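Asks:
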Amino acid sequence: MTGGGAAGRKEGIFEREPARRVFAVELKESRIHFKEGQDEKSPTYVLLPTGERCNRVFIAGTLTEKRRQGEQNMFYRARVVDPTGTFFVMAGSYQPEAMQQVARLEPPTFVAVVGKPNVYQAPDGAALISIRCESITQIDKDIRDQWVLDTAKATLDRIDTAGQTPDGERAKREYNIDPALFRKVAYEALTQLKI
Amino acid sequence: MDISEAAERISLKITSHGHPADKASIESKLTRLVNEFGVPPAEAERTVLNELAREFSITTFQAAGGPGDQKTLGQVQNGEWVTVECKVVALTSAPSPSIAQAGILADNSGAMRFVVWARANAPALTAGKWYRFESAVVDQYKGMLSLKVHSGTTVTEIPHEGALKPAITPIRDLSPGVVCIRGKVVQEWEATHDRILQSGMIADETGGIRFVMWKEEGRERLNPGGVYTIFYATADEFNSRLSLTLNPATIVPEEGDIPVSTGNASFQGAFVHLAPGSGLIRRCPVEGCNRVLSRQNYCPVHEIQPQYHYDLRIKGWLDNGIETREILVQRGETERLVEMNLDQARELAENNPLGMDEVFMKFREALLGRYLACQGRVIENRMLVSACEILHYQPEQLADLLNRAGGSL
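Quick note, the sequences are listed as chains A and B, same order. Residue 15 in the working numbering sits at position 15 of the first sequence, and the numbers go up by one each step. Add 1000 to a position in the second sequence, counting from 1, and you land on the number used in the working numbering.
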């Protein structure tokens, strides 16, 4: 009997883009963004300075401020703070569920956010990065602390493997940042947790 | 198929009947059919052979160039002319008027499907008897070999001593074709079609495979948890995964239990997306259906079903930052994770203007952003979760990470 067998089975399964764990300081430094493929629906990525492409992020922190903006095209701008800095989170009319979730939250509170990073050019030429929110939910400190551990580990893993990946090489070329800086960031974030 | 080989076969057959054969002209006819008219090579060969046969008034071919080598079923390959001696282990209904009989043949080396063409004028085969098939053709469809009995095939019943000893294949090693396995019914699934009697998963210690049994007279459902030896089931590939069809296999229940590969995987990550279809759902009440109804209580098979029953489930995605895994959590674990049972969910939906959406939102608030550790069976990147825990902050990880981050400061 002939035929493919288990080894020859095709990969035809939908792959969801993983949500990267990244500290605010590192995301803020990201300005390289690119698209893979020519299709209109091809995913876009932001290149993290520690050398990994990122189509989606998962962050946890403190919602410190939310502001409603716009009349016709109403949207929310929110600030979420982690131990290293601030994420800028947006939820617009294209994310109605996320917008309703933001509307119900009262800062300050711990939140978990899943969203897609976008790079904008500010009028003064600086690159700004914000997260287009897919979902934002209230969490407790226990989860926030797990996220800090998770993100510290992911950051250290990226620093350790950056030398061996094409994205790592590219990040080294494009960003003039010593990866040791992000090691220090991770260390400092960890020192804020309780033993 | 090589055209000159086909031309050679045709000319041999013609000359064996004492007629002259012009190989060059046969070859050019074949080439024309194949290249200009896109006729499949095997069909072209048949066309040319028939044309010459009519020309010389040959009615039957005594397989030119010998009846093909005598082989066992385990040895034959796609495209070969062969002579085999084997037992008819099952007959199935002929799917088309051009087919006289179809079923499964076996010898000690293996088994495969067969088809007797109506035009073959072959004697009717009886299940359980042994036959010699001279000059039959082996072809392949969807990776599965099949023996074709045509007008050039000579079929004779032969006596046979001793019992047939089918080889049992470990489930992990299955490939498309007719197979024998011994396994345990580890899961029973909702029937996705009216004609399905039962579907589920059967496993041995090497792995598991989905199976389906179509409704047919005399077929009985397998007992979940039961161990069976299944002779001559058809393993075929659909959407690039194998599935076992139990008609017309012979199914023998076994005593006792066997170890099975649980196929259990575990995955940890953050819950990043709650998919539609989560929360409080309504299922079709028709026995064996159990499909999820749409908002209008519409079942894709049984239409409007106002007498639905409620269920709870979670469909969503776990994400560890590197990989994602779709998870499906049934009612038991769902109630534990969201700390809401079915009755509470119903009450919430009934007393709230948003109805079932309110339950969905409660689920979202309870789950999104949580770190979960799930265990279950993975089928095509989706995990059917049997156990799930909410993870908590672990200070010992902090010490390790501080060492790692601070090591080279």
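Cβ atoms here follow ideal geometry from the backbone N, Cα and C, with glycine treated the same way. A quick note: this is a predicted structure, and the numbers were derived from the prediction, not measured.
(1) Where does the unbroken beta strand (DSSP E) through I1003/B begin, and where does it stop?
(2) Pull the bridge partners of L1139/B from the DSSP assignment, please.
(3) Which residue from L181/A, K66/A, G168/A and S42/A puts its Cα closest to that of A103/A?
(4) For D1343/B, count the other beta carbons within 10 Å of its own beta carbon; 16 or more makes it buried, fewer makes it exposed. Which is it?
(5) When you check each C-beta in the stretch 49-82 of chain A against every C-beta of chain B, which residues fall closer than 7 Å?
(6) G1193/B to V1301/B, Cα distance in whole Å?
(7) With a CB to CB cut of under 6 Å and the five nearest residues on each side skipped, what residues in its chain are close to Y1131/B?
(8) Using CA atoms only, rank isn't needed, just tell me which of R1313/B, V1084/B, R1113/B and D1139/B is closest to G1177/B.
(9) Note down, in chain order, every chain A residue with its Cβ under 7 Å from the Cβ of G1369/B.
(10) Between the stretch 1310-1328 of chain B and chain A, which residues of the former have a C-beta closer than 7 Å to a C-beta of the latter?
(11) For G1369/B, tell me which candidate among R31/A, T137/A, V81/A and F23/A has the shortest Cα-Cα distance.
(12) Return no unless some Cβ of chain B is closer than 8 Å to the Cβ of L193/A.
(13) Around the Cβ of A1124/B, are there at least 16 other Cβ atoms within 10 angstroms (buried) or fewer (exposed)?
(14) When you compare only the Cα positions, how much space is there between L1391/B and V1338/B?
(15) Express the C-alpha separation of S1243/B and G1066/B in angstroms, rounding to a whole number.
(16) Does any residue of chain B bring its CB to less than 8 Å from the CB of T173/A?
(17) Out of Q1296/B, S1266/B and Y1310/B, which has the shortest C-alpha to C-alpha gap to P1285/B?
(18) Thinking C-alpha only, which one of F1133/B, I1202/B and I1026/B is nearest Q1070/B?
(19) Based on Cα-Cα distance, which residue from I1181/B, A1127/B and F1056/B lies nearest to A1203/B?
(20) Please decide whether R1113/B counts as near chain A, where near means a Cβ-Cβ distance under 8 Å.
(21) Using 8 Å as the threshold, is the stretch 80-100 of chain A in touch with the stretch 182-193 of chain A, meaning 3 or more CB pairs across them?
(22) By how many angstroms is the C-alpha of E1005/B removed from the C-alpha of A19/A?
(23) Check for me: the alpha helix (DSSP H) holding R173/A runs from which residue to which?
(24) Is DSSP giving A127/A helix, strand or coil here?
(25) Compute the Euclidean distance between the alpha carbons of A6/A and D1236/B, then round it to the nearest angstrom.
(26) Among the candidates K141/A, P123/A and E26/A, whose CA atom is the shortest distance from the CA of D221/A?
(27) Can you find a CB in chain B that lies within less than 8 Å of the CB of P179/A?
(28) Since P18/A meets chain B, which of its residues come closer than 7 Å, beta carbon to beta carbon?
(29) Start and end of the alpha helix (DSSP H) containing I143/A?
(30) Where in the stretch 1235-1273 of chain B do unbroken runs of the beta strand (DSSP E), each at least 3 residues long, occur, reported from the N-terminal end onward?
(31) Roughly how many angstroms lie between the CA atoms of P1226/B and A91/A, to the nearest whole one?
(32) Quick one, which residues of the stretch 1393-1407 of chain B are near chain A if we go by CB-CB under 8 Å, in chain order?
(33) Look at L105/A and L1398/B and say whether their C-beta atoms are less than 8 Å apart.
(34) On a Cα-Cα basis, can you pick out the residue from Y1228/B, S1261/B and T1031/B that is closest to G1207/B?
(35) Say whether the stretch 1267-1286 of chain B touches the stretch 1315-1325 of chain B, bearing in mind that this needs 3 or more beta-carbon pairs closer than 8 Å, one atom from each stretch.
(36) DSSP three-state label for M90/A, please.
Replies: According to the structure data:
(1) The residue labelled residue 1003/B in the question sits at position 3 within the second sequence. Segment I1003 to S1016 is the alpha helix (DSSP H) holding I1003/B; no beta strand (DSSP E) there.
(2) For the purposes of this step, residue 1139/B is taken as residue 139 along the second sequence, with counting starting at 1. Note on residue identity: the sequence assigns Asp, not Leu, to residue 1139/B. According to DSSP, D1139/B shares a beta bridge with S1146/B.
(3) Locating residue 103/A in the first sequence gives position 103, counting from the first residue. Cα-wise, what sits closest to A103/A is K66/A.
(4) As a working note, residue 1343/B is residue 343 in the second sequence. Counting Cβ neighbours within 10 Å, D1343/B comes out exposed, since fewer than 16 surround it.
(5) Of all residues in the stretch 49-82 of chain A, only F58 and A60 come within less than 7 Å of chain B when Cβ atoms are compared, listed by chain position.
(6) By one-based count along the second sequence, residue 1193/B stands at place 193. By one-based count along the second sequence, residue 1301/B stands at place 301. What sits at residue 1193/B in the sequence shown is His, not Gly. Answer to the nearest angstrom: the Cα atoms are 8 Å apart.
(7) By 1-based counting over the second sequence, the position of residue 1131/B is 131. Within the same chain, V1155 and E1157 come within 6 Å of Y1131/B by CB-CB distance, once the 5 residues on both sides are set aside.
(8) Against the second sequence, residue 1177/B aligns to sequence position 177. Among R1313/B, V1084/B, R1113/B and D1139/B, the Cα nearest to that of G1177/B is on R1113/B.
(9) By one-based count along the second sequence, residue 1369/B stands at place 369. By Cβ distance, chain A contributes A60, A112, T137, I139 and I143.
(10) Those would be W1317, D1319, G1321, I1322, E1323 and T1324, in chain order.
(11) Position 369 of the second sequence, counted from the first residue, corresponds to residue 1369/B. Of R31/A, T137/A, V81/A and F23/A, the residue nearest in Cα terms is T137/A.
(12) For the purposes of this step, residue 193/A is taken as residue 193 along the first sequence, with counting starting at 1. Output row for L193/A: interface = yes.
(13) Residue 1124/B sits at position 124 when you count from the first residue of the second sequence. Exposed, since its Cβ has fewer than 16 Cβ neighbours within 10 Å.
(14) Taking the first residue of the second sequence as 1, we reach residue 1391/B at position 391. Taking the first residue of the second sequence as 1, we reach residue 1338/B at position 338. The alpha-carbon atoms of L1391/B and V1338/B are separated by roughly 14 Å.
(15) Within the second sequence, the letter at position 66 stands for residue 1066/B. Within the second sequence, the letter at position 243 stands for residue 1243/B. Note that G1066/B scores a pLDDT of 48, beneath 50, so its modelled location is shaky and nothing firm can be said.
(16) The residue you call residue 173/A lines up with position 173 of the first sequence. Contrary to the premise, residue 173/A reads as Arg rather than Thr in this sequence. Judged by the 8 Å Cβ criterion, R173/A is not in contact with chain B.
(17) Within the second sequence, numbered from 1, the residue matching residue 1285/B stands at position 285. Minimum Cα-Cα distance from P1285/B among the listed residues Q1296/B, S1266/B and Y1310/B corresponds to Y1310/B.
(18) Within the second sequence, residue 1070/B is the residue found at index 70, counting from 1. With distances taken between Cα atoms, Q1070/B lies closest to F1133/B.
(19) As a working mapping, residue 1203/B is identified with position 203 in the second sequence. Here the closest residue by C-alpha is I1181/B.
(20) Taking the second sequence and counting its residues from 1, the one referred to as residue 1113/B is at position 113. By this cut-off, R1113/B is not an interface position.
(21) Using a C-beta cut-off of 8 Å, the stretch 80-100 of chain A makes contact with the stretch 182-193 of chain A, since at least three inter-stretch Cβ pairs fall below that distance.
(22) Working through the first sequence from its first residue, we reach residue 19/A at position 19. Working through the second sequence from its first residue, we reach residue 1005/B at position 5. C-alpha separation (whole angstroms): 57 Å.
(23) One-based indexing of the first sequence puts residue 173/A at position 173. Run containing R173/A: P166 to E174, per the alpha helix (DSSP H) assignment.
(24) As a first step, residue 127/A is located in the first sequence; it is residue number 127 there, counting from the start. In the displayed model, A127/A falls within a strand according to three-state DSSP.
(25) In the first sequence, the residue the question calls residue 6/A occupies position 6. In the second sequence, the residue the question calls residue 1236/B occupies position 236. Caution applies to A6/A, whose pLDDT of 33 falls short of 50 and renders its modelled position unreliable; the model cannot decide the point.
(26) Past the boundaries of the shown model lies residue 221/A; chain A is included only from 1 to 195, so the question cannot be answered.
(27) Here residue 179/A is taken as the residue at index 179 of the first sequence, counted from 1. At a cut-off of 8 Å, the C-beta of P179/A has no neighbouring C-beta in chain B.
(28) The count along the first sequence starts at 1 and reaches residue 18/A at position 18. Correct list: D1319, G1321, I1322, E1323 and T1324.
(29) In the first sequence, the residue the question calls residue 143/A occupies position 143. Per DSSP, I143/A belongs to the alpha helix (DSSP H) from K141 to T161.
(30) Qualifying beta strand (DSSP E) stretches, in chain order: 1241-1245 and 1250-1253.
(31) If you number the second sequence from 1, residue 1226/B lands on position 226. If you number the first sequence from 1, residue 91/A lands on position 91. Per the sequence presented here, residue 1226/B reads as Gly, with Pro not at that position. Taking the straight line joining both Cα atoms gives about 53 Å.
(32) The residues in question are Y1393, Q1394, P1395, Q1397, L1398, A1399, L1401, L1402, R1404, A1405 and G1406.
(33) Here residue 105/A is taken as the residue at index 105 of the first sequence, counted from 1. Here residue 1398/B is taken as the residue at index 398 of the second sequence, counted from 1. For L105/A and L1398/B, no; Cβs fall outside 8 Å.
(34) Stepping through the second sequence from its first residue, residue 1207/B is reached at position 207. Taking only the C-alpha atoms, the option nearest G1207/B is S1261/B.
(35) Cβ pair count under 8 Å is three or more, so yes.
(36) By one-based count along the first sequence, residue 90/A stands at place 90. It is a strand residue.
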